[in-house]
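What follows is one structure encoded as structure tokens, with my remarks underneath.
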Amino acid sequence: MGVNDNRRSPEFVDLLGEHGTQVFSFIRASIRRDHDAEDVYQQTVMAMWEAFGSFQTGSNFRAWACQIAKFRILRYYDSQRGRRQFSEPMLDLLVESRQEPARADDRIAALRRCIAHLTAADRQLLQERYMDGSSVNSLADELQRSSQSICNSLRRIRAKLFRCVESQLAGGTVS
Amino acid sequence: MNAPETPGDKPAARPDPMPTNPMAWTPTAQQLALFDKTAFDERATPEDFQRLEELATEDPRIAAAYLQYVEMASQIEFVLRSRRVEGEVATGAAFRGQSKRQLRTWIGGGLLALAASLALLLARSGERDSGDRQLAADNPAPSAGQNAERSVDAIAGAAVIIDIDSHELIEAGVRVGDHLRSGSTLAFESGRASIEFHEGVVAVIEGPCELSITSISSATLRRGLLAADVPPWAIGFAIDTPQARVIDHGTRFVVDVDASNMVEVAVAEGEVELDGRQPGRDGDEANRRLFAGDGVRLGAAKNRAPLEAGKLVEFARQHLPVVAEQRDMEVIAGYQVDFIAGGKFPEERPGAWRYLVNQNSPIGEPGGYVELQWQEGPNVRDQYDANLAAADEPADSPSGYVALRRDSGHPGLGRFQVDDGIDRYAIAAFTVPADGEYFVRSGWLCRWEEKGRFPDKYLDLVIHVDDRPFDEHKYCYQSGLLKFQADLGPLRRGQTIYVAVGPNGYSYNDSFKWGFKIVRSLSSAINETTTE
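Structural data, given as structure tokens:
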């Protein structure tokens, strides 16, 4: 266990600011329930801070942080009576998989452009789901649609945005 | 479990490998569907997680793509909260910089737990500074209550206003979400408004203008500048002008009508047809086809300068949304277009359509569906129905009233009218000819009978695939038109899409007219072909 050093807090904050979204995404990708993923992220950040003394400046913070997150995820799995979403080798695959931290700004900018080009109805559905925090069931009631239909629409929109972002980052246009 | 709590005693982590070219490989539609189900769908099963593991083990790009998919979803809320509908507001760099300052403050005070919470908040949804709040105030999202209220109006309109950039309209009380009935006119002197026709066409009009909505797929432009984006399932959309009818053949086009009734038409993409075969209209120029980049001026004095189509096309480029999804789709089938009359038995009818009633089961359980049979002759209407011998007494059978015709139909008896408590639906079934991602688009349903005399007598519409839960379930009230569509997701060849109209409890003057189209994502078809 590393030793906490308050003088390194600016460095920790900088690194967390740069990689925090990726660490959370790793946790969220491994734990489907939002609130549980948020709890595990908080525990992970606490553990990272406590262990930050052992982190070597200049080494790969994301990989280091995701290793800590992996142990927290496994502990969470154990608390769920062994009901694991993924095996440990799969978590290792996710830890080792490549994301592109240097392009986070580009990704957000691309996502912004892609959202701007959604249809009004799709944008409205996203806003109600993500900004208003409406559940799928409440959206289904409100829009007089089935929950399955809402899930399908959200899946279609997210897939469309994903393709659009990838296309944008490859130099394409929103089309 | 005895797993170590931190990796601090391990060698320094490996540096990240070089990023790969994201266009070198992209997940297929089915893989994206699996990502989404695994991460966001409560119905994900252990088999889904196992499948994802297997794919990621076979190809590590799957794991990276899955992570990026989840990360993108996490960023949606941040982007939505920090942007105008149009225009850039905050950059990711600004967002991150603020989050760091906030974190330093908290950690400096020794409040690490709160810092962790704050970090979570910032990582997930971004900082909401005063500027963002002001923008949010400038662009309030409609409340849930507003939406619910307006959804009732939605069934009565042929088009809906989706964007307003005109003080004149705003001051007149026109709002985004307002619905325009057939025959209604939108007129204003300055600014712009965007409307979406119920067949799916999006049009932007600029004042001074006067536009009358004539149907879910047509309008009359008496004055003003209009640009239209027409999805594949709305081909045939038409704009009438003083000089010619402009008929779409799959395109984006612009029409400008000035105060002297001079009309300019330009095509940004695809093709339009001009139909000016009416007395007093121009000759050959008003009866021709225009292709991308073409433009024509009708009803102008001879000495006018040549038309610059590029300027009109630029208006479309600047103001029309470009919907990648629509460019990426092909129409596979249409209920009305494909309707095949005749053939008493299924084997006598070619094609992938079947006409059914849920004779022996509730809707959603295809095992109890039975085929309707074609009837024609002097004493019966030309239609598919349950072929009851006692056609004069259809109430003898719960399915007695069930009928489907080329553009209309009737459901059977309702659950409150029969002993077994089952609503009987008129069902059109389409069997998917190839793998791909499928959608129902351009769906509409309208009660045929006089509506005002029968309050609370609704129809209901259900869409489902095979025996899985409903993909769509909506109600058509007595007041008019119901628009419907559904995203069905990746389907395999041989799966069947069922679109059904039921009596919702009581069958009482429930004759209806309807139509819809089945469309497929081209990229999903290509991806599946490539994968296989």
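Line by line, the protein sequences are chains C and R. If you're matching positions, the first sequence starts at 1163 in this note's numbering and goes up one per residue. If you're matching positions, the second sequence starts at 141 in this note's numbering and goes up one per residue. All C-beta atoms in this analysis are idealised placements derived from N, C-alpha and C, irrespective of residue type, glycine included. The model shown is predicted, which means the values in this text are computed figures rather than measured ones.
Item                                                                                                                                                                                        : Value
So, does the CB of C/E1328 fall closer than 8 Å to a CB anywhere in chain R?                                                                                                                : yes
Counting contacts by CB-CB distance shorter than 8 Å, is C/N1299 in contact with chain R?                                                                                                   : no
Going along the chain, which unbroken runs of the alpha helix (DSSP H) with 4 or more residues stay wholly within the segment 178-215 of chain R?                                           : 186-198
Have a look at the DSSP bridge pairing and note the partners of C/A1271.                                                                                                                    : The partner list for C/A1271 (beta bridge, DSSP) is empty, contrary to what the question assumes.
Would you call the segment 1242-1259 of chain C in contact with the segment 1275-1290 of chain C, where contact means no fewer than 3 C-beta pairs closer than 8 Å?                         : no
Out of R/L628, R/T178, R/D303, state which residue places its alpha-carbon closest to the alpha-carbon of R/R660.                                                                           : R/L628
Rounding to the nearest angstrom, what Cα-Cα distance links R/P382 and R/C586 in this structure?                                                                                            : 31 Å
Among the candidates R/E198, R/S306, R/W165, R/Y206, whose CA atom is the shortest distance from the CA of C/R1194?                                                                         : R/Y206
Cα separation between R/F652 and R/V602?                                                                                                                                                    : 14 Å
Report yes if the C-beta of R/L414 is less than 7 Å from at least one heavy atom of the ligand SAH; otherwise report no.                                                                    : Ligands in the displayed structure: none, and consequently the ligand SAH is not present.
Please report the distance separating the alpha-carbon of R/Q523 from that of C/S1296.                                                                                                      : 44 Å
So, is R/P446 buried or exposed, given that buried needs 16 or more other C-beta atoms within 10 angstroms?                                                                                 : exposed
Does DSSP classify C/Q1242 as helix, strand or coil?                                                                                                                                        : coil
Please identify, using Cβ separations under 7 Å, the residues of the segment 330-342 of chain R that lie next to chain C, in order along the chain.                                         : E336
Quick one: is R/T178 buried, meaning 16 or more other Cβ sit within 10 Å of its Cβ, or exposed?                                                                                             : buried
To the nearest angstrom, how far is the alpha carbon of R/D560 from that of R/W373?                                                                                                         : 39 Å
Along chain C, in chain order, which residues have C-beta atoms closer than 7 Å to that of R/E217?                                                                                          : Y1292, M1293
From the DSSP output, which residues share a beta bridge with R/Y615?                                                                                                                       : R/D600
From C/A1302, C/Q1289, C/A1332, C/S1300, pick the residue whose C-alpha is nearest to that of C/R1320; which is it?                                                                         : C/Q1289
Locate the beta strand (DSSP E) running through R/A327, then write down its first and last residues.                                                                                        : 325-328
For a test of the three-state rule: what should DSSP assign to R/Q515, helix, strand or coil?                                                                                               : strand
Quick check: R/E336 and R/I302, are their CB atoms within less than 8 Å of each other?                                                                                                      : yes
Rounded to whole angstroms, what is the Cα-Cα separation between R/G364 and R/F328?                                                                                                         : 9 Å
So, R/W514 versus R/W584, is the Cβ gap smaller than 8 Å?                                                                                                                                   : no
What are the residues that DSSP puts in a beta bridge with R/I387?                                                                                                                          : R/A378, R/E413
Say whether the segment 490-500 of chain R touches the segment 566-580 of chain R, bearing in mind that this needs 3 or more beta-carbon pairs closer than 8 Å, one atom from each stretch. : yes
Rounded to whole angstroms, what's the CA-CA distance from R/V316 to R/V300? Just pull it up for me.                                                                                        : 8 Å
At 4 residues or longer, and completely inside the segment 1166-1208 of chain C: list those alpha helix (DSSP H) runs for me, N to C.                                                       : 1171-1192
For C/C1313, collect the residues of the same chain with a Cβ closer than 7 Å to its Cβ; drop the 5 residues on either side in sequence, then sort them by chain order.                     : V1298
Does any CB atom of chain C fall closer than 8 Å to the CB of R/I302?                                                                                                                       : yes
In three-state terms, what does DSSP make of C/M1293?                                                                                                                                       : helix
Give me whichever residues DSSP pairs with R/D396 in a beta bridge.                                                                                                                         : R/L365, R/E404
From R/A298 to R/L622, what does the alpha carbon distance come to, in whole angstroms?                                                                                                     : 10 Å
How about the segment 316-325 of chain R and the segment 345-360 of chain R: do they share at least three Cβ pairs that are nearer than 8 Å?                                                : yes
Using the beta-carbon of each residue, which ones in chain R are nearer than 7 Å to C/Q1242?                                                                                                : Simply none; closest approach about 12 Å.
Give me the Cβ distance between C/V1327 and C/L1273, rounded to the nearest whole Å; I'm assuming they're in contact under 8 Å.                                                             : 5 Å
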